[in-house]
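Colleague: One structure is given below, represented as structure tokens, and several questions about it will come after.
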Amino acid sequence: MTGRVSCAIDDGVATVVLDNPAKRNAMTTQMWSALPPLLDSLAGNPDVRVVVVTGAGDSFSAGADISTLTGLTPGEPMPATLAEDALVAFPKPVVAAIRGWCVGGGCQLAVACDLRVSEESARFGITPAKIGVVYPARTTARLVELVGPAAAKFLLFTGDFVDAERALRIGLVDELVPVGGLDARVAELARTLASRSQLTQHAAKDLIHAALAGQPLTERYRRWAGEGRAELAEGVAAFAERRAPEFPWRPPAPARPDRAVPVEGPARP
Numbered sequence: 023m024t025g026r027v028s029c030a031i032d033d034g035v036a037t038v039v040l041d042n043p044a045k046r047n048a049m050t051t052q053m054w055s056a057l058p059p060l061l062d063s064l065a066g067n068p069d070v071r072v073v074v075v076t077g078a079g080d081s082f083s084a085g086a087d088i089s090t091l092t093g094l095t096p097g098e099p100m101p102a103t104l105a106e107d108a109l110v111a112f113p114k115p116v117v118a119a120i121r122g123w124c125v126g127g128g129c130q131l132a133v134a135c136d137l138r139v140s141e142e143s144a145r146f147g148i149t150p151a152k153i154g155v156v157y158p159a160r161t162t163a164r165l166v167e168l169v170g171p172a173a174a175k176f177l178l179f180t181g182d183f184v185d186a187e188r189a190l191r192i193g194l195v196d197e198l199v200p201v202g203g204l205d206a207r208v209a210e211l212a213r214t215l216a217s218r219s220q221l222t223q224h225a226a227k228d229l230i231h232a233a234l235a236g237q238p239l240t241e242r243y244r245r246w247a248g249e250g251r252a253e254l255a256e257g258v259a260a261f262a263e264r265r266a267p268e269f270p271w272r273p274p275a276p277a278r279p280d281r282a283v284p285v286e287g288p289a290r291p
């Protein structure tokens, strides 16, 4: 079976590459299944502060490889949904770097990332209506949270492609860059994210997810604020001394079983 997911780490940034260029990086079952253990490994790696997800060559991902969907049982968790859930649960910032086609399962992955930066020539589509797939419940909810109910209905009802300008307008992407400028802009953004307080980022992600789920926030906030005293002291001191802060907080190792996940290099966007 063709297709793989590769990863390389450089200066605090892990670049995860969806690599099946013969099919515009369509996701095989093997590729979907590779993402959760890889993200599990990156979550526990203290050298990783930011993750960038991108596609090999000239596309992000043209969706699921349809030839790998036979044999799946309707109603059971699909590999794509498990991969999406792993992205959403990942505690560090995740940026989708999008060029070319971002369709179906590829768009599902992009929506699961925290931020989406796209080249102006990219094309987006959510296409389950074209093959009779019922879009998963949590996936639908995330799409609605991102673009609102009207835009979600248009995308899901029609399965039509939209250009990057419309994707920006409805909130499907956060930023557009000229063709050829994606790598430089994403590298700049990743450097910025890697320089900021990890405690602030982890706390914000946790509180935002809790707010969207309608969960109480007060105790969560108190816990995070209690952990942040030294972080705040360093931030204030650095501001007063006009220097770059050296934030001391580091995330605890996740309580997950160890998994042997190879990290390859260099990544090939």
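In our numbering, the protein residues as written are 23 to 291. Glycine included, each C-beta is placed from N, C-alpha and C at the ideal position.
From V74 to V38, what distance separates their C-alpha atoms?
Modeller: Taking the sequence shown and counting its residues from 1, one reaches residue 74 at position 52. Taking the sequence shown and counting its residues from 1, one reaches residue 38 at position 16. Their backbone Cα atoms lie some 6 Å apart in a straight line.
Colleague: So what does E141 bridge to, in DSSP terms?
Modeller: Numbered from its first residue, the sequence shown carries residue 141 at position 119. Its beta-bridge partners are V199.
Colleague: Please confirm if the region 116 to 123 is in contact with the region 150 to 162, defined as three or more CB-CB distances below 8 Å between the two stretches.
Modeller: no
Colleague: How long is the line joining the alpha carbons of A44 and R265, rounded to whole angstroms?
Modeller: Taking the first residue of the sequence shown as 1, we reach residue 44 at position 22. Taking the first residue of the sequence shown as 1, we reach residue 265 at position 243. Distance between the alpha carbons of A44 and R265 is about 48 Å.
Colleague: Between V201 and the rest of its own chain, which residues show a CB-CB distance below 7 Å, the 5 nearest in sequence each way excluded?
Modeller: Within the sequence shown, residue 201 is the residue found at index 179, counting from 1. The beta carbon of V201 sits closer than 7 Å to those of E141, E142 and S143, all from its chain and outside the five residues before and after it, given in chain order.
Colleague: Given this structure, state the Cα-to-Cα distance separating E187 from G248, to the nearest angstrom.
Modeller: Within the sequence shown, residue 187 is the residue found at index 165, counting from 1. Within the sequence shown, residue 248 is the residue found at index 226, counting from 1. Looking at the backbone, the Cα of E187 and that of G248 are separated by about 42 Å.
Colleague: When the Cα of A108 is compared with those of R26, A119 and S55, which residue comes out closest?
Modeller: If you number the sequence shown from 1, residue 108 lands on position 86. Of R26, A119 and S55, the residue nearest in Cα terms is S55.
Colleague: Who are the near neighbours of L294 in its chain, counting only those whose CB is closer than 7 Å to its CB and skipping five residues on each side?
Modeller: Any answer about residue 294 is impossible in this case: the structure gives the chain only from 23 up to 291.
Colleague: Would you mind stating whether A48 and N42 have Cβ atoms separated by less than 8 Å?
Modeller: Within the sequence shown, the letter at position 26 stands for residue 48. Within the sequence shown, the letter at position 20 stands for residue 42. Yes, they are a contact pair.
Colleague: From S294 to W246, what does the alpha carbon distance come to, in whole angstroms?
Modeller: Any property of residue 294 remains undetermined from this structure, which presents the chain solely from 23 to 291.
Colleague: Assuming R160 and V133 are in contact, meaning their beta carbons sit under 8 Å apart, how far apart are those beta carbons, in whole angstroms?
Modeller: Taking the first residue of the sequence shown as 1, we reach residue 160 at position 138. Taking the first residue of the sequence shown as 1, we reach residue 133 at position 111. Going by Cβ atoms, the distance from R160 to V133 rounds to 11 Å, so no, they are not a contact pair.
Colleague: Is the CB-CB distance between F176 and G147 below 8 Å?
Modeller: The residue given as residue 176 occupies position 154 in the sequence shown. The residue given as residue 147 occupies position 125 in the sequence shown. It is not a contact, given that the beta carbons lie outside the stated cut-off.
Colleague: Please report the straight-line C-alpha distance between L61 and G203, rounded to a whole angstrom.
Modeller: Counting from 1 along the sequence shown, the entry for residue 61 is found at position 39. Counting from 1 along the sequence shown, the entry for residue 203 is found at position 181. Roughly 27 Å separates the two Cα atoms.
Colleague: Could you give the DSSP three-state label for L60: helix, strand or coil?
Modeller: On the sequence shown, position 38 is the one that residue 60 refers to. If DSSP states are grouped into helix, strand and coil, L60 belongs with the helices.
Colleague: Look up C129 in the DSSP assignment and say whether it is helix, strand or coil.
Modeller: Here residue 129 corresponds to residue number 107 of the sequence shown, with the count starting at 1. Correct three-state label for C129: helix.
Colleague: Among the candidates A232, P273, L57 and D196, whose CA atom is the shortest distance from the CA of G25?
Modeller: Within the sequence shown, residue 25 is the residue found at index 3, counting from 1. Comparing Cα positions, the closest option is L57.
Colleague: At the level of alpha carbons, what is the spacing between Q52 and G127?
Modeller: Within the sequence shown, residue 52 is the residue found at index 30, counting from 1. Within the sequence shown, residue 127 is the residue found at index 105, counting from 1. Their backbone Cα atoms lie some 14 Å apart in a straight line.
Colleague: Using C-beta distances below 6 Å, list every residue in its chain close to T103, excluding the 5 sequence neighbours before and after it, in chain order.
Modeller: Taking the first residue of the sequence shown as 1, we reach residue 103 at position 81. Excluding positions up to five away in sequence, the list reads P158.
Colleague: Helix, strand or coil: which one does DSSP assign to I153?
Modeller: Counting from 1 along the sequence shown, the entry for residue 153 is found at position 131. It is coil, neither helix nor strand.
Colleague: Can you list, in chain order, the residues of its chain with a C-beta nearer than 7 Å to that of D185? Leave out the 5 residues immediately preceding and following it.
Modeller: Walking along the sequence shown from the start, residue 185 turns up at place 163. Closer than 7 Å at Cβ, skipping near neighbours: R145.
Colleague: Round the Cβ separation of L229 and L221 to the nearest angstrom and send it over; I've been treating them as touching at under 8 Å.
Modeller: In the sequence shown, the residue the question calls residue 229 occupies position 207. In the sequence shown, the residue the question calls residue 221 occupies position 199. The pair is not a contact, with the Cβ atoms about 12 Å apart (cut-off 8 Å).
Colleague: With DSSP as the reference, please indicate the residues paired to G147 in a beta bridge.
Modeller: One-based indexing of the sequence shown puts residue 147 at position 125. According to DSSP, residue pairing for G147 in a beta bridge involves V125.
Colleague: For M49, name the three-state secondary structure that DSSP assigns.
Modeller: Within the sequence shown, the letter at position 27 stands for residue 49. In this structure, M49 counts as strand in the three-state DSSP scheme.
Colleague: According to DSSP, is A209 part of a helix, a strand, or is it coil?
Modeller: Numbered from 1 along the sequence shown, position 187 holds the residue referred to as residue 209. Correct three-state label for A209: helix.
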